[in-house]
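Residue numbers (the numbering used here): 21 to 114.
The structure is reproduced here in structure tokens:
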């Protein structure tokens, strides 16, 4: 098991949609054998440049421990989720 962190920028919308989107990714990590160490919600911030016609995004940082297969599944779902503007998964050093 390796340690990872993922930063997700979600489209700014109502709180229910944002919470559901974050919960979706938490469940993917848990259901594929990973464990969530910390979820840090940074909130709505202004983007440096326009992304998909949005100038703001809701930032969330999730630290988790998982196998590489979990990361592949997480990235696959991140890419096809309409609410996600940008994301980045990073493997942390031990």
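The C-beta atom is built at its ideal place from N, Cα and C for all residues, glycine as well.
On a Cα-Cα basis, can you pick out the residue from the options that is closest to residue i?
i          : options              : result
residue 36 : 105, 71, 78 and 92   : 78
residue 47 : 107, 91 and 102      : 91
residue 63 : 27, 108, 101 and 102 : 27
residue 44 : 68, 110 and 82       : 82
residue 60 : 110, 103, 96 and 42  : 42
Looking only at its own chain, which residues have a Cβ that is under 6 Å from the Cβ of residue i, when we skip the five neighbours before and after it?
i           : result
residue 23  : 85 and 112
residue 108 : 27
What first and last residue would you give for the beta strand (DSSP E) that runs through residue i?
i           : result
residue 105 : 104-111
Can you give me the Cβ contacts of residue i inside the same chain, cut-off strictly under 7 Å, excluding the 5 residues immediately before and after it?
i          : result
residue 21 : 85, 86 and 87
residue 49 : 56, 84, 86, 90 and 94
Using a Cβ-Cβ cut-off of 8 Å (strictly less than) and excluding sequence neighbours within five positions of residue i, which residues of its own chain qualify?
i          : result
residue 71 : 29, 77, 105 and 106
Quiz item: Residue ranges of each beta strand (DSSP E) run of no fewer than 3 residues wholly in the stretch 27-101, ordered along the chain?
Solution: 55-71 and 74-86
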